[in-house]
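Residue numbers (the UniProt record's numbering): 1 to 765. A virtual CB, placed ideally from N, CA and C, is assigned to each residue, including glycine. What follows is a short report on a single structure.
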Amino acid sequence: MVKIFASLRNFNDRIRTSISIKTRNILFYIAIFLVVMLAIMLRITPILRGPRLIKAFDPWIQWYNAEYLSDHTLFEYFKWRDYKSWYPQGFNRGNLRPGLTFTVVAIHNFLTFIGLNISLYDISFFFPAFMGGLTVLVIYFLGKEVLDRGTGLVAAFFLAFNPGYAQRTMAGFFDNETIGVFATLLAFLFLLKAMRSGKILHGFLGGLALGYLSLSWGGYNFVFLIIPILAIILVFTDKFNHNVLIAYAMVEGVGLLIFSLYTRFNYETLFTDLTLGGIFLFTVILTIFHLIRNKRDEHPSLYQGLINIIKWGFIPAVIFVAFVVWVAPDLIPFGFGTRFQTILNPLFRGEISLIASVAEQMPSPWAVFYYNTLIPLILTPLGIYFCFKRLNAPEVFLILFILFMFYFTGSMIRIILMFAPAVSIVGAYGLVSILKIFGSFLGEKKVGISKKRKRQLKGTIGSSEVIAIFFVVGFLGIAQIVHSTNISIEQLSYSQISPGGVIHDWEESLVWMRSNLQGTDVVVSWWDYGYWLTPIGNVTTVNDNATMNQTRIGLTGMALMQTDEILSAKAFRALKADYVLVYFGLLISGLGGDEGKWPWMVKICNDNYATYKRMGLEEDNWGEDSVFIEDEYQNSSTGKMGAKWFESQLVKLMFSSAPELGFIQPTNPDDIDMQKDIRSTYVNRINSQEVTEGGVWKDYIPDNGLYESKVFIPEYFSNIGLVKLYKIDYTVLDSGFFISDAEVLDNGYATFKLQNTGTKDLLIN
């Protein structure tokens with residue numbers, strides 16, 4: 001009878017345990033679901049701020065490409081040469097990475113097929129937010145693979161509420177990075193799975209993810225290169241095995257095979273480029289090492305000698321290569337590629353003005369790391385410590401991941417979006433590891449602490465202290481949510497085309513151009529605005545954000561910064577321009593007007609001085625070894641503008657009728673206040689900022705900005721006067737003449753020789 005009651009009690013205990021486990025699992029999966037849903041909801045907040053506007057610059061050209069693919073056949077798409085961009089040569093858009101374009105068009109076609117009529121624009125607008133949610137789910141599985149599901153949950157939470165990642169996955173930010181980060185983490189997930197299980201299927205799936213990445217985003221180089229480095233470290237730490245070789249070969253091999261389908265893939269790069277050629281060579285070396293390793297029992301001394309040579313030779317080799325890359329990269333037999341070289345050596349970008357002019361390629365100050373990550377960054381040292389304590393293959397991967405991202409993000413601010421998942425998972429690793437230790441004092445399974453050490457700590461750490469620690473962790477989580485939510489809603493929700501959601505000059509201007517200009521009209525502006533002018537304004541441009549031809553961009557800078565409007569007109573004619581557009585931020589730095597971009601116009605033009613000289617464009621007012629003398633425009637010591645800056649065509653076009661143009665009175669009282677603030681800021685600055693030659697800015701600007709011009713005719717000024725469009729009249733070039741040998745006779749008459757230097761006949765009355 002006693003045995004029967006004991007059996008019943010055991011049965012009852014098993015039922016309770018089973019119910020408890022199932023309840024925990026249900027709550028855990030609910031938590032994961034909520035994190036993913038909250039990540040998506042946070043990223044679709046732009047719909048609460050106004051119309052569904054695609055953000056930034058690059059996303060507009062991505063939508064432009066997707067729209068074309070949706071309306072045309074595959075054959076037409078891959079043969080598409082867009083003559084509305086980089087006129088007159090045009091731009092082969094079929095050579096762009098197809099991943100993002102094909103993904104959204106495939107989704108659109110599928111939804112249409114099943115009867116859901118959602119526009120391609122709406123799909124493109126919401127796509128980044130849903131990809132952000134999927135990436136949060138992927139990092140959960142990656143954290144689970146690295147340590148446990150608790151790590152995955154915390155990593156997912158950190159990434160869901162991470163401003164550094166949210167800025168590139170907000171609804172409307174329709175760019176390659178939305179797929180890039182997702183595919184990167186997916187490739188890492190299956191790489192680690194393959195290393196643990198040795199299954200070819202896991203390696204194959206990792207290769208598919210890497211291939212998808214290579215067809216979607218230029219950041220694929222990082223994944224292709226970190227995997228060989230991981231393999232090398234595993235060799236040195238004696239953790240290399242058959243599974244590592246399978247994982248490496250499958251992920252890299254399948255990924256490279258899919259990448260070869262890209263239209264711009266060149267098989268010669270296997271022998272001329274460090275990224276792909278190095279991977280191919282390392283695969284051969286790693287295979288040979290594996291064969292030798294399998295024979296280590298037969299020849300132990302030979303194997304150990306080989307390992308010692310590799311270990312002692314690797315560090316000096318790395319130092320030597322790093323020195324060469326930093327000092328003289330041209331000595332490397334394989335090429336690096338300009339962009340990758342600027343990441344490795346931040347000083348290199350200073351040598352190329354065009355690269356330095358791109359804001360998102362600037363180095364990151366320390367504040368950027370903290371502001372864009374917050375709590376995970378604080379926990380990262382803890383995560384690195386526990387990784388070194390265990391130092392298995394996943395931990396080696398995490399250490400490499402976070403260290404590379406630290407360096408690369410410090411070198412180029414744009415990479416903060418890849419630093420975000422790295423710091424999220426390493427921070428989660430550290431937090432979960434420490435919580436497991438403290439959780440053991442509340443009766444949980446003891447992890448990472450010996451019995452002796454626990455007895456020593458029992459007198460100092462009680463339940464109240466542990467509960468306080470968990471309370472602090474909860475507070476940190478709330479702080480992360482508040483910080484991320486505030487930034488996402490208040491700063492990231494607006495499109496750059498409508499700053500703060502209250503300035504609509506760009507929207508008005510682009511709609512005006514689309515309605516009043518022909519698609520063949522050539523509008524020249526600084527390259528920043530090309531990705532708006534062609535897709536939205538439906539006009540033809542000579543340069544854009546692809547920055548594929550610095551000679552053309554420099555020529556634009558020459559036309560804008562010339563102090564002689566006749567010579568400026570000649571440069572614009574060389575660009576075949578019908579109109580010129582300038583963007584005046586009214587001296588407000590947050591608006592990003594051309595008044596802050598002019599130094600790059602001068603620098604990029606000067607970088608191409610020899611080219612312009614060979615093209616026969618040299619003029620009498622050029623410098624001795626450059627087009628412009630920079631110190632004449634701005635004193636490099638004091639930072640004060642020179643009088644010549646005010647004589648440039650750019651400044652005249654910007655300051656024309658500003659701000660006395662007269663604002664259109666808005667109906668929203670907040671907009672009235674905003675316009676008053678803009679006017680006040682402008683007036684204060686032109687009356688306070690000094691000029692090198694003496695006086696203040698206002699002394700060099702005509703009253704009411706009334707400049708006289710025979711070339712630039714105002715065509716359209718936006719509401720506040722931020723965007724200004726001028727029609728270019730080349731008559732002054734076409735009707736030029738030159739008088740020589742003038743002589744006045746005694747009878748009052750005069751004779752002279754008149755030479756027609758223009759293209760039109762002269763009529764003399």
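Under the three-state reduction of DSSP, K727 is assigned to strand.
Note: T540 is bridge-paired with V522 in the DSSP secondary-structure output. DSSP places A249 inside the alpha helix (DSSP H), whose first and last residues are 242 to 259. Taking a C-beta distance under 8 Å as the contact criterion, L650 and D594 qualify as a contact pair. Under the three-state reduction of DSSP, S740 is assigned to strand.
DSSP lists K724 as the bridge partner or partners of V582. Judged by DSSP in its simplified three-state form, M641 adopts strand.
The C-beta distance from N545 to W526 rounds to 11 Å, too long to fall under 8 Å, and the pair is not in contact. Shown here, A750 sits in a strand according to DSSP, grouped into three states.
Within the DSSP bridge table, the entry for V696 names E690 as partners. N92 is bridged by DSSP to R81. Y83 sits exposed, since fewer than 16 C-beta atoms from the chains shown fall within 10 Å of its C-beta. One thing to note: M405 has its Cβ within 8 Å of the Cβ of I415. Spanning the alpha carbons of V696 and S568 requires a straight line of approximately 26 Å. Within the DSSP secondary-structure output, P714 pairs in a beta bridge with Y726. With a beta-carbon spacing of about 20 Å, A106 and A171 fall beyond the 8 Å limit used to define contacts.
Given a length threshold of 4 residues, each whole run of the alpha helix (DSSP H) inside the stretch 116 to 155 is given here in chain order: 120 to 146.
Under the criterion of beta carbons closer than 8 Å, G530 and S85 qualify as touching, at roughly 7 Å. Here N756 carries a strand assignment [DSSP, helix/strand/coil]. For R390, the uninterrupted alpha helix (DSSP H) run begins and ends at 375 to 390, by DSSP. The continuous alpha helix (DSSP H) containing T409 extends over residues 393 to 411. Within its own chain, the residues whose Cβ lies closer than 6 Å to the Cβ of S648, once the five positions on either side in sequence are excluded, are M561, T563, listed in chain order. The count of Cβ pairs closer than 8 Å, one atom from the stretch 545 to 560 and one from the stretch 489 to 509, stays below three, leaving the stretches out of contact.
Shown here, Q562 sits in coil according to DSSP, grouped into three states, outside any helix or strand.
L533 places its beta carbon 8 Å or farther from that of V542. Among the bridge pairs identified by DSSP, Q496 is matched with none. Counted as a single uninterrupted DSSP element, the alpha helix (DSSP H) harbouring Q62 occupies residues 58 to 71.
Here DSSP, grouped into helix, strand and coil, assigns Q167 to coil. Residue state for Q304 is assigned as helix, using DSSP reduced to three classes. Nearest to K199 by C-alpha distance, out of N241, I246, N92, is I246.
Counting along the chain, D631 sits inside the alpha helix (DSSP H) bounded by residues 630 to 633. Between W217 and E177, the beta carbon gap of about 6 Å places them in contact (Cβ cut-off 8 Å).
In the three-state DSSP reduction, Y707 falls in the coil class, being neither helix nor strand. Within the same chain, V696, K698 come within 7 Å of N687 by CB-CB distance, once the 5 residues on both sides are set aside. The distance from the Cβ of N372 to that of A420 is about 7 Å, consistent with a contact at the 8 Å cut-off.
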